[in-house]
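> Please read through the structure below; I'll follow up with questions.
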Amino acid sequence: MVQTAQDMFFNDVPELERDNVLRALQGCLNGVEDPRVVLRNISLYDQNLRRAQGLLRWEGREHVFCVETDPSGKLVFTSWNNDTAFAAYPAPDWTLAPYEMLIQEAINKSRQAFLLEKWGKLLERDDVARLLARFTFDAHKDPVGPRQRLWREKVDRIGFDIVTAAESERLRILLSPYMNAPEISFRSQRSPAAGAGAEMFKSRRTSTLHSNKSDRVS
Numbered sequence: 007m008v009q010t011a012q013d014m015f016f017n018d019v020p021e022l023e024r025d026n027v028l029r030a031l032q033g034c035l036n037g038v039e040d041p042r043v044v045l046r047n048i049s050l051y052d053q054n055l056r057r058a059q060g061l062l063r064w065e066g067r068e069h070v071f072c073v074e075t076d077p078s079g080k081l082v083f084t085s086w087n088n089d090t091a092f093a094a095y096p097a098p099d100w101t102l103a104p105y106e107m108l109i110q111e112a113i114n115k116s117r118q119a120f121l122l123e124k125w126g127k128l129l130e131r132d133d134v135a136r137l138l139a140r141f142t143f144d145a146h147k148d149p150v151g152p153r154q155r156l157w158r159e160k161v162d163r164i165g166f167d168i169v170t171a172a173e174s175e176r177l178r179i180l181l182s183p184y185m186n187a188p189e190i191s192f193r194s195q196r197s198p199a200a201g202a203g204a205e206m207f208k209s210r211r212t213s214t215l216h217s218n219k220s221d222r223v224s
């Protein structure tokens, strides 16, 4: 019987140590530094799906590995102590989308059209295009670095998040059964401007569905 990478991990790491190893790897996948783990390659598809290749130094032994998270967040080894090539995720297309809580609020208050219009107008803005371009660059250059959190915090102030285009489409469909809205593209409509210097999403969110003031860029 051919052993899986998971089987090989179980053979090499004592049962009492496995949870500690998995916690160390999980932490490093989320930006925590651990001297026992060296990540050589890392790839993110979204906030939950991650892959990494690296070296684990544990109890006097070294192990090379490739690991990924499944949709539930559980770590799964795809290789263990072999030279399997690292396969990065295809680069995702990032965009903005409202939080599901905001979508549900719009449905409850019969303000779906307002939210769809707000969503579409945000994606026409130059500062949004610049923000998404910077997020995409940082996600590629430093997948678990702190700058991605900075960009997310800027749009969180207005009830939105940075998500993949596929996730954006899923969220849009949540609104579609409730109204006959015109088709809107929920990807950024602007190309990133060269030499951008404007501040983005400077104002704080004071309300969600009843005002546009918090969306303005000063």
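To get the numbering used here, take the position in the sequence shown, counting from 1, and add 6.
Glycine is no exception: its CB is placed at the ideal position from the N, C-alpha and C atoms.
(1) Return the Cβ separation of V134 and L177 in integer angstroms, given the expectation that the two are a contact with Cβ distance under 8 Å.
(2) Please report the distance separating the alpha-carbon of G151 from that of V82.
(3) Which same chain residues end up closer than 6 Å to V38 when comparing Cβ atoms and leaving out the 5 residues on each side of it in sequence?
(4) Quick one: complete alpha helix (DSSP H) runs, 4+ long, within the stretch 36-87?
(5) What's the call for A112, buried or exposed, on a 16-neighbour Cβ count within 10 Å?
(6) Would you grab the beta carbon distance between R63 and R42 for me? Rounded to a whole angstrom, and I think it's under 8 Å.
(7) Considering just the uninterrupted stretch of the alpha helix (DSSP H) at L137, what are its terminal residues?
(8) Give every residue of the same chain whose Cβ lies closer than 6 Å to the Cβ of F166, excluding the five residues on either side of it in the sequence, and list them in chain order.
(9) Within 10 angstroms of the Cβ of F71, are there 16 or more other Cβ atoms? Answer buried if so, exposed if not.
(10) Run through the DSSP bridge pairs and tell me what L102 is partnered with.
So, to answer that:
(1) By 1-based counting over the sequence shown, the position of residue 134 is 128. By 1-based counting over the sequence shown, the position of residue 177 is 171. That belief does not hold up - the Cβ atoms of V134 and L177 are roughly 16 Å apart, past 8 Å.
(2) Taking the sequence shown and counting its residues from 1, the one referred to as residue 151 is at position 145. Taking the sequence shown and counting its residues from 1, the one referred to as residue 82 is at position 76. Computed Cα separation, rounded: 22 Å.
(3) The count along the sequence shown starts at 1 and reaches residue 38 at position 32. So no residue of the chain qualifies.
(4) none
(5) Residue numbering aside, residue 112 sits at position 106 when the sequence shown is read from its first letter. Buried is the call here.
(6) As a first step, residue 63 must be located in the sequence shown, where it is residue number 57. As a first step, residue 42 must be located in the sequence shown, where it is residue number 36. Rounded, the Cβ-Cβ distance is 5 Å, consistent with contact.
(7) Within the sequence shown, numbered from 1, the residue matching residue 137 stands at position 131. That run of the alpha helix (DSSP H) goes 132-147.
(8) Here residue 166 corresponds to residue number 160 of the sequence shown, with the count starting at 1. Closer than 6 Å at Cβ, skipping near neighbours: L102, P104.
(9) Stepping through the sequence shown from its first residue, residue 71 is reached at position 65. Per the 10 Å Cβ criterion, buried.
(10) One-based indexing of the sequence shown puts residue 102 at position 96. DSSP lists I168 as partners of L102.
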